[in-house]
Structures are given as structure tokens and as C-alpha cells.
Amino acid sequence: MHFPRISVIAVFLVLFACQMNAQVSVNSGTSRVNATDSISEFMLRGAVMSLAAVQSKYESLEAAGSGNQILSRQKSGEAQNYFNQSRTYYRKALQYDSLYAPAWNSLGTTYFLQDIPDQSLPYYHRAIALKPDYTVAIINIGKAYSKMGQQDSALFYFRQSVKVDSSFVQGYIEQARVLTDYKHDYNGALTVLQTACSYTKQNEVPYIMMSEIHFMKGDSVSAMTALETAARFNPGNVDRCLMLASWYERHGDADKAKEFRALADKERNRVAPREKDHESAK
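Going letter by letter, the sequence shown gives residues 186 to 467 in my numbering.
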């Protein structure tokens with residue numbers, strides 16, 4: 186059994202990270218600069234502890250999967266300790282500003298990451314009560330409901346997130362995920378992703394998911410067409426360009442095969458000098 190490593194976990198945490206540029210209100214008589222610095226410091230410490238907690242949590246699962254129950258219990262205890270420390274830091278930030286929505290959101294996320302999503306909801310709701318257009322907290326509510334198995338409630342909040350911000354890509358992606366994985370409504374998911382494409386120009390993510398859905402439906406032509414669009418937006422993915430080149434070669438389109446092979450070669454030539462310099466510096 187494989188579990189996410191630290192790099193994957195870091196990306197996951199970014200999706201839930203607080204918006205550090207959100208406006209901070211401070212009480213009269215308090216130095217705004219000092220309060221803002223203190224809040225930023227506590228938010229950063231909380232995020233670091235959350236990252237450590239999730240790392241320990243997955244190491245616990247890996248140990249359990251390999252039969253090492255002693256290590257699993259040790260790592261599970263570490264995770265609990267880190268989660269508690271993370272919450273302490275977020276609450277310290279709230280002592281400086283109880284109206285700081287990102288701290289409420291991040292506090293909720295510690296419970297979500299610990300797999301107790303029902304306990305995350307009051308904090309997420311507090312965040313959007315303070316900041317109704319806070320798309321990150323809105324989508325986090327949807328994720329919590331989805332994790333609890335309440336997919337209709339999850340869909341409501343995912344849809345709400347794009348009502349607040351029509352360019353919020355993750356809101357469309359999460360809708361499509363629920364429609365695909367739980368509702369088995371592939372056409373509905375494709376419609377959502379097509380809407381995303383109209384509002385989020387030059388973004389490859391909706392097209393990648395459209396490609397996956399087309400593959401699931403057995404429509405390889407539409408799948409490759411969507412993947413081709415994603416590759417044009419981001420030609421730096423060498424493996425994807427080579428896959429497209431190979432597919433077009435097999436299907437008799439020499440011009441497109443040549444185009445994508447050239448894109449792959451261009452990216453490899455761009456990266457190669459950097460890798461060579463890196464090896465030389467070791």
C-alpha cells in the first residue's frame with residue numbers, strides 16, 4: 186500500500202492554506218504592524234505543524250500496512266501532538282484578531298486532515314460568516330461534507346464557490362469529481378468542466394479531467410483532443426507530449442505527431458543544461 190509522501194502532502198496543504206494577504210483587523214491601542222507580524226508568525230507555525238502532523242499520520246499508516254504496529258502507534262501519537270500544536274498556534278492568532286477568517290479556516294482544516302471532518306465544519310462556517318466570499322473556506326465545507334458521505338451537500342458548496350468566483354477552478358473540479366465518482370453522471374461532469382474552460386482561460390486542469398472522463402466513457406478521440414488542448418496550454422510536460430506524438434503517429438496524423446515530438450524535444454533541451462549544471466555543482 187502506498188501513501189502520499191511529503192511533496193504530495195505539501196501540495197495538498199496548499200489547497201487548504203490560509204490567504205495570508207487577507208485583511209487583518211486589530212483592536213484599538215494595538216500596534217497594527219506588531220499584530221500583523223504576530224498573526225503571520227502564528228499562522229506560519231500552525232501550517233508547519235499541520236504539515237508535520239500529516240507526514241506523521243501517513244508514516245503511521247505505512248507502518249501499520251507493513252505490520253509494524255509499535256512504530257504505527259508512535260507515529261500516530263506524533264501526529265496527534267503536532268495537530269494539537271497546530272491548533273494552539275491558530276488559536277493564538279485568533280487571540281490577536283478573532284475576526285481573522287483564515288485562522289478559523291486553518292483551524293478547521295486541522296480536523297479535516299485528521300479525518301474528523303464533522304469537527305471541521307463549525308470553523309469553516311465561522312470563516313465564511315466573517316468573509317462570505319472566502320472561496321477556500323466554502324470549498325473546504327464541501328470537501329468536509331464529501332468526506333462525510335453527504336455528496337449532495339458537498340455539491341451545493343462546490344457550486345456556491347464558483348457562484349462567488351466564476352474563475353475558481355477548484356470549485357468546478359470538485360463538482361466534476363463528485364458527479365463522476367459518486368453520481369456516475371459523466372455528461373454532467375463534462376458540462377461542468379466545459380463551463381470551467383469558458384471562465385478559466387489557458388488553464389490545463391479542466392481539460393486533463395475532461396480527458397480522463399472521456400477515457401472512462403471509451404471515447405479516446407475526445408480524450409486525446411482534450412489532452413492536446415492541455416498540452417498546448419502547458420507544453421512543458423514531456424511525457425504528455427510524447428504520448429500525444431505516439432498516439433497521432435498510430436492514427437496517421439504525421440503533422441501533429443511531429444509537432445508534439447518537437448515540443449517534447451524543445452522542453453528536454455531547455456531542461457538539460459540546468460540538470461548538467463546541477464550535477465556539476467555537486
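Where a beta carbon is used, it is the ideal one built from N, C-alpha and C, also for glycine.
Candidates the options: closest to residue i by CA position
i, options, result
"residue 414", "404, 395, 402 and 424", "395"
"residue 297", "364, 412 and 331", "331"
"residue 220", "339, 286 and 279", "279"
"residue 284", "333, 315 and 274", "315"
"residue 468", "405, 436, 390 and 442", "There is simply no residue 468 to check, as the chain begins at 186 and stops at 467 in what is shown."
"residue 383", "405, 401 and 357", "357"
"residue 286", "387, 256 and 319", "319"
Coil, strand or helix - residue i by DSSP
i, result
"residue 194", "The pLDDT assigned to residue 194 is 46, lower than 50, so where the model puts this residue is not dependable; a value taken from the coordinates is nonetheless given after this. Correct three-state label for residue 194: helix."
"residue 424", "helix"
"residue 333", "coil"
"residue 310", "helix"
"residue 385", "coil"
"residue 251", "coil"
"residue 456", "helix"
"residue 225", "helix"
"residue 373", "helix"
"residue 302", "helix"
"residue 440", "helix"
"residue 317", "coil"
"residue 327", "helix"
"residue 256", "helix"
"residue 206", "Annotation note: pLDDT 43 at residue 206 (below 50); position unreliable, no value reported."
"residue 450", "helix"
"residue 242", "helix"
"residue 219", "helix"
"residue 200", "Low local confidence applies: a pLDDT of 41 at residue 200 is under 50, so the model's placement there is unreliable, and no value is given."
"residue 378", "helix"
"residue 284", "coil"
Euclidean distance between Cα positions of residue i and residue j
i, j, result
"residue 327", "residue 392", "22 angstroms"
"residue 304", "residue 455", "48 angstroms"
"residue 341", "residue 235", "28 angstroms"
"residue 417", "residue 381", "17 angstroms"
"residue 239", "residue 263", "10 angstroms"
"residue 440", "residue 423", "18 angstroms"
"residue 442", "residue 403", "22 angstroms"
"residue 360", "residue 453", "35 angstroms"
"residue 224", "residue 411", "43 angstroms"
"residue 321", "residue 251", "36 angstroms"
"residue 266", "residue 231", "12 angstroms"
"residue 350", "residue 281", "29 angstroms"
Nonlocal neighbours in the same chain, by C-beta distance under 7 angstroms from residue i, ignoring five residues either side
i, result
"residue 364", "370, 373, 374 and 377"
"residue 270", "234"
"residue 277", "227"
"residue 329", "297, 302, 305, 306 and 309"
"residue 407", "399"
"residue 299", "268"
"residue 451", "none"
Beta-carbon contacts of residue i that lie in its chain and below 6 angstroms, excluding the five residues immediately before and after
i, result
"residue 212", "Note that residue 212 scores 47 on pLDDT, short of 50, meaning its location in the model is unreliable; the coordinates nonetheless yield the value given after this. Same-chain partners within the cutoff: there are none."
"residue 308", "289, 292 and 293"
"residue 433", "441 and 442"
Status (buried if at least 16 other CB within 10 Å, exposed otherwise) for residue i
i, result
"residue 448", "buried"
"residue 347", "buried"
"residue 241", "buried"
"residue 401", "exposed"
"residue 295", "buried"
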